[in-house]
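This report concerns only the one structure given below.
In the numbering used here, the protein residues as written are 1039 to 1268.
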């Protein structure tokens, strides 16, 4: 269901508050109060977006991320909503496949805005993205299927990682500032930080293995991709 949001939160008062806010803006919501229930919901149903707490009973949020992205291979946008505010936790969540991260306490309206921005991004992909394949060295990207192969082996990328790679590899040697990357892949209205872009680049390099070094840091500016001729 296009507007069905899964809220994974063990605090029922917070879950109820988020549900109320999202429902008031036209979304349908389902709630899971522990990690095992969340995995059951995700494996059996399709959602437009998933809101995920990290500190959950039975199965923690990090494990849910791993299962969702790497076992179930589900690419649904995932927004973390957690009291964990250490850089290490935020980086780990983003590297495991989260698309965004909110630290508690936060405004339900801000969370709703992030959900809507994530859905607008998906709509833009479907409506305006030219369907094509991109190949460079051993990297192969199919934008219609939103898949990526490295030396003929599939890898799992988050929506943000996929968009970053497609943009950079299609424009070799072009230097993009972090601000420009945010605008290009998320839209100028999307509340994402330059630090988040850095984290996504680090995660993307790891997934690209020996090709990851082709994404170069241009100090004081941003990033560029070295084409096959280099």
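Yeah, the Cβ is synthetic: ideal placement off N, Cα and C, and Gly gets one too.
Own chain partners of residue i with C-beta closer than 7 Å, once the 5 adjacent residues on each side are dropped
i: residue 1091; result: 1046, 1047, 1048, 1099, 1119 and 1120
i: residue 1265; result: 1174, 1210 and 1211
i: residue 1150; result: 1059, 1060 and 1063
i: residue 1108; result: 1194
i: residue 1235; result: 1216, 1219 and 1220
i: residue 1147; result: 1059
i: residue 1054; result: none
Top-ranked residue by Cα proximity to residue i, from the options
i: residue 1042; options: 1178, 1052, 1061 and 1151; result: 1061
i: residue 1056; options: 1106, 1134, 1152 and 1115; result: 1152
i: residue 1140; options: 1154, 1068, 1063 and 1123; result: 1123
i: residue 1241; options: 1130, 1232, 1172 and 1261; result: 1130
i: residue 1294; options: 1263, 1244, 1106 and 1251; result: There is no way to answer for residue 1294, as the model of the chain reaches only from 1039 to 1268.
i: residue 1246; options: 1204, 1234 and 1171; result: 1204
i: residue 1261; options: 1222, 1142, 1215 and 1238; result: 1215
i: residue 1105; options: 1235, 1135, 1095 and 1233; result: 1135
i: residue 1127; options: 1093, 1087 and 1147; result: 1093
i: residue 1087; options: 1050, 1258 and 1155; result: 1155
i: residue 1259; options: 1252, 1184 and 1232; result: 1232
i: residue 1256; options: 1223, 1083 and 1213; result: 1213
i: residue 1158; options: 1184, 1145 and 1197; result: 1197
Residue i: first and last residue of the uninterrupted beta strand (DSSP E) it sits in
i: residue 1236; result: Counting along the chain, residue 1236 falls outside any beta strand (DSSP E), though it belongs to the alpha helix (DSSP H) covering 1232-1245.
i: residue 1066; result: 1066-1070
i: residue 1139; result: 1138-1141
i: residue 1249; result: Note, residue 1249: premise wrong, no beta strand (DSSP E); not H, not E.
i: residue 1117; result: 1116-1120
i: residue 1046; result: 1042-1046
i: residue 1144; result: Residue 1144 -> no beta strand (DSSP E), and no H or E assigned at all.
i: residue 1260; result: 1260-1263
i: residue 1077; result: Run containing residue 1077: none in the beta strand (DSSP E); it sits in the alpha helix (DSSP H), 1073-1082.
i: residue 1110; result: Counting along the chain, residue 1110 falls outside any beta strand (DSSP E), and DSSP gives it neither H nor E.
i: residue 1194; result: Element bounds for residue 1194: n/a, residue is neither H nor E.
i: residue 1056; result: It is not in any beta strand (DSSP E) - residue 1056 instead sits in the alpha helix (DSSP H) that spans 1050-1062.
Same chain only: Cβ atoms within 6 Å of residue i, ignoring 5 sequence neighbours per side
i: residue 1186; result: 1179, 1193 and 1195
i: residue 1070; result: 1046, 1076 and 1079
i: residue 1251; result: none
i: residue 1142; result: 1121
Short Cβ contact (8 Å threshold) for residue i with residue j
i: residue 1077; j: residue 1102; result: yes
i: residue 1116; j: residue 1137; result: yes
i: residue 1188; j: residue 1172; result: no
Assumed close pair residue i, residue j - CB separation to whole angstroms, cut-off 8 Å
i: residue 1202; j: residue 1219; result: 7 Å
i: residue 1199; j: residue 1238; result: 6 Å
i: residue 1110; j: residue 1073; result: Actually they are not in contact, since the Cβ atoms of residue 1110 and residue 1073 sit about 14 Å apart, beyond 8 Å.
i: residue 1044; j: residue 1068; result: 5 Å
i: residue 1206; j: residue 1249; result: The pair is not a contact, with the Cβ atoms about 11 Å apart (cut-off 8 Å).
Limits of the alpha helix (DSSP H) - the one that residue i falls within
i: residue 1203; result: 1197-1208
i: residue 1091; result: Element bounds for residue 1091: n/a, residue is neither H nor E.
i: residue 1104; result: 1099-1104
i: residue 1132; result: 1125-1134
i: residue 1173; result: Here residue 1173 belongs to no alpha helix (DSSP H); instead the beta strand (DSSP E) covers 1171-1174.
Chain B within 8 Å of residue i, Cβ atoms only
i: residue 1107; result: Absent from the structure: chain B. Only one protein chain is present.
Neighbourhood of residue i by C-beta, 8 Å cutoff - its chain only, sequence neighbours within 5 removed
i: residue 1081; result: 1110
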